[in-house]
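Those protein sequences? They're chains A and B, same order as listed. Just remember that the numbering used here sits 286 ahead of the position in the first sequence, which is counted from 1. Just remember that the numbering used here sits 286 ahead of the position in the second sequence, which is counted from 1. For every residue, glycine included, the Cβ atom is placed at its ideal position computed from N, Cα and C. Working notes for the structure below.
2 protein chains.
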Amino acid sequence: MITIAVDAMGGDHAPRPEVEGSVLAAREFGVRILLVGQPNVIRPELAKHAAPNLPIEIVAASDVITMEDHPAQAFRRKKDSSVHVAARLVREAKADGMVSAGNTGAVMTVAKFLLGTLESVDRVALAAPFPNAKGGVSVLLDVGANVDSRPEHLVQFAVMGEVYYRATFGNKRPRVGLLSVGEEEIKGNELTREVYTRLKKSPVHFVGNVEGGDLFSGAVDVIVSDGFVGNIALKICEGLAFQIFGLLKKSINSSLVSQIGGVLSKGAFKALSKTIDYTEYGGAPLLGVRGVCVIGHGRSNANAVKNAIRVAAGLARARMNEKIEQELSAAAVLA
Amino acid sequence: MITIAVDAMGGDHAPRPEVEGSVLAAREFGVRILLVGQPNVIRPELAKHAAPNLPIEIVAASDVITMEDHPAQAFRRKKDSSVHVAARLVREAKADGMVSAGNTGAVMTVAKFLLGTLESVDRVALAAPFPNAKGGVSVLLDVGANVDSRPEHLVQFAVMGEVYYRATFGNKRPRVGLLSVGEEEIKGNELTREVYTRLKKSPVHFVGNVEGGDLFSGAVDVIVSDGFVGNIALKICEGLAFQIFGLLKKSINSSLVSQIGGVLSKGAFKALSKTIDYTEYGGAPLLGVRGVCVIGHGRSNANAVKNAIRVAAGLARARMNEKIEQELSAAAVLA
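Structure, rendered in structure tokens:
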């Protein structure tokens, strides 16, 4: 049975969604859960669920990393945080993967240093799934694990993204694109032009450059980018979606006729929200670490936590890291 | 009287919106218009408007640059295009500025080479205005005039963006932010960390790093970025807005009750579309060229063309380029 360590203290509303999501995941996916955090906080929350027969255990961790904590400081000072303990459970093979909806920077730092990186990987990458216009999912990586990437890093991101996509979304030969400012090979900056040349020669199913709008067009499955660009892209999406929904709400409340219309089309809005709801896609995996680490949004609800556990269990089951090592060795031979 | 050369052949629906927008601008803003393009196409369109007394003249240009043309090739081969002729009118001081809704890359190339750059400017920058959550406008530059910028280029972008913002949106002391991956000074890549240090010492009203979501938050008025990142940001916004509207439309048509609701809240949608309608903001000026050049979206309607003419006339009237030269000299003294 796959075991997932869940950071019960991380999210904005912890431990409620973490505990509920864990109960749902244990019930639906047959995974074993280690709920990591302060037992006196987790226990009453767990007691609310009729889950005595589910394989859920509490593992004590005394410290809590907050959203305000500085990642590097939290890593050094809060050595018994729920994130540290979850990472140690993975390192000691007591869990097959970890899930956290906590401070993204802190989770990345802790996971990177406590788990270490895979032998053939120079830099880890955070991968973010986006719903696309074709009803599928496109994954962007790196969305912020590092900046000032070199060409070889982006080639590694391409391979890691491909293996993760295959394991998670069941597509055997995902199409990989390079985020740039035009489709032609000569378009882009120094970095992307060099990466283009290398990806063309690699075993990756590389289909060329894509532009910003292709995050949502469904033209490709995996989109590769430096973490500086990818992080800005991710934040733009969150900001713009928020802005459009806000405007929409304001517009709809602005007159009585529209208000009635708004109530009648509420069902449609709900369907829409669900379509663009990132929580359906299971959080962002940190690729390249020794072990499986999936990071959820701080606003994660129980459904988001459940899906992050599903993704983490799937990556462990698919032996993603072995495949990343194999493919990167193959790519190195061809390079 | 300010004179603006309007490329009548550029946009997707040329010359209809170009001619109508020119008529509206001449009437409302008291500017003189030179409609540049094929007279046999422009004349019948102009005849549709009761505009015999308006200061609108046709200037002949035999070639037309299409959206499919390669910018550098179009520049070299179509020397009598409406874009070339409009740029020459500005160079020869027969017009105070030019407006085009044509092939953005081609307009940038033609303007850069025929007009030349200002003495204190190393690289031109394309500035794109975005509506923000505070009901104002935030401007992002560069959105794609160049990639692989050096620190001094971004400092110049900051100064140019500030002068343009002041002239166009009437804010005497616009707040300038640097697009990065976190607010702290140490966050960012090599380029932005160096730019941060320089902007802090410059006369620009620099308020620090901003993140992707701040394109819409209204936290700052001018956002500075390398053209690679800025272009991807711009394309993401277009793509995501398109995607959300598509989903919304689909959701609303998906059931009868929602359909009725949709019809009733149509007024609200119209108000919303207007709020996020870039055509209200007058197109993207190419900053740093000797002269005024404003580029509209290919989909520009008459309103968008009219507003681009308004912005171009305003920048000419405000003597933007003299101010850019002054501020850059002042910044150079302090650096």
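Item: In the DSSP assignment, find the unbroken alpha helix (DSSP H) run with residue 500 of chain B in it and report its ends.; Value: 500-503
Item: Roughly how many angstroms separate the alpha carbons of residue 498 of chain A and residue 585 of chain A, rounded to a whole number?; Value: 25 Å
Item: Do residue 433 of chain B and residue 513 of chain A have their C-beta atoms within less than 8 Å of each other?; Value: no
Item: Determine the direct distance from the alpha carbon of residue 520 of chain B to that of residue 393 of chain A, and round the result to whole angstroms.; Value: 30 Å
Item: Taking all protein chains shown into account, do 16 or more other C-beta atoms lie within 10 angstroms of the C-beta of residue 456 of chain B, making it buried, or fewer, making it exposed?; Value: exposed
Item: Round the Cβ separation of residue 611 of chain A and residue 404 of chain A to the nearest angstrom and send it over; I've been treating them as touching at under 8 Å.; Value: 6 Å
Item: In its own chain, which residues sit with a C-beta less than 7 Å from the C-beta of residue 506 of chain A, not counting the 5 before and 5 after it?; Value: 424, 461, 462, 463, 493, 496, 500
Item: Of all the CB atoms in chain A, is at least one closer than 8 Å to the CB of residue 527 of chain B?; Value: yes
Item: Inspect the CB distances between the region 589-597 of chain B and the region 299-313 of chain B and report whether three or more fall short of 8 Å.; Value: yes
Item: Do residue 596 of chain A and residue 577 of chain A count as a contact pair if the criterion is CB distance below 8 Å?; Value: no
Item: Could you tell me whether the region 337-348 of chain A touches the region 360-378 of chain A, where touching means 3 or more Cβ pairs closer than 8 Å?; Value: yes
Item: Kindly indicate the opening and closing residues of the beta strand (DSSP E) around residue 602 of chain A.; Value: Not the beta strand (DSSP E): residue 602 of chain A falls in the alpha helix (DSSP H), residues 588-603.
Item: Per DSSP, which residues does residue 494 of chain A bridge with? Please list them.; Value: A/463
Item: Does DSSP put residue 571 of chain B in a helix, in a strand, or in coil?; Value: strand
Item: Closer than 8 Å by C-beta to residue 448 of chain A: which residues in its own chain qualify, once you throw out the five before and the five after it? Chain order, please.; Value: 460, 462, 490, 491, 508, 613
Item: Suppose you measure from the CA of residue 295 of chain B to the CA of residue 389 of chain B; what does that come to, to the nearest Å?; Value: 10 Å
Item: In angstroms with no decimal places, state the Cα-to-Cα distance between residue 383 of chain A and residue 570 of chain A.; Value: 13 Å
Item: For a test of the three-state rule: what should DSSP assign to residue 580 of chain A, helix, strand or coil?; Value: strand
Item: Any beta-carbon of chain B closer than 8 Å to the one on residue 517 of chain A?; Value: yes
Item: For the beta strand (DSSP E) containing residue 287 of chain A, list its first residue and its last residue.; Value: Careful: residue 287 of chain A lies outside any beta strand (DSSP E) and carries neither H nor E.
Item: Which residue comes first and which comes last in the alpha helix (DSSP H) that contains residue 392 of chain A?; Value: 390-401
Item: Just checking my contact of residue 410 of chain A with residue 573 of chain A at CB under 8 Å: how many whole Å lie between their CB atoms?; Value: 6 Å
Item: Where residue 454 of chain A and residue 416 of chain A are concerned, what is the direct C-alpha to C-alpha distance, given to the nearest angstrom?; Value: 13 Å
Item: With H, G and I counted as helix, E and B as strand and the rest as coil, what does DSSP make of residue 440 of chain A?; Value: helix
Item: Out of B/477, B/334, B/321, which one is the CA nearest neighbour of residue 437 of chain B?; Value: B/477
Item: Determine which residues share a DSSP beta bridge with residue 293 of chain A and list them.; Value: A/322
Item: In this structure, does DSSP put residue 384 of chain B in helix, strand or coil?; Value: strand
Item: What's the gap between the Cα of residue 299 of chain B and the Cα of residue 319 of chain B?; Value: 19 Å
Item: Rounding to the nearest angstrom, what Cα-Cα distance links residue 361 of chain A and residue 446 of chain A in this structure?; Value: 25 Å
Item: If we call anything under 8 Å between Cβ atoms a contact, is residue 341 of chain A one with residue 312 of chain A?; Value: yes
Item: So, does the CB of residue 475 of chain B fall closer than 8 Å to a CB anywhere in chain A?; Value: yes
Item: Residues of chain B with CB under 8 Å from residue 434 of chain A, in chain order?; Value: 475, 476
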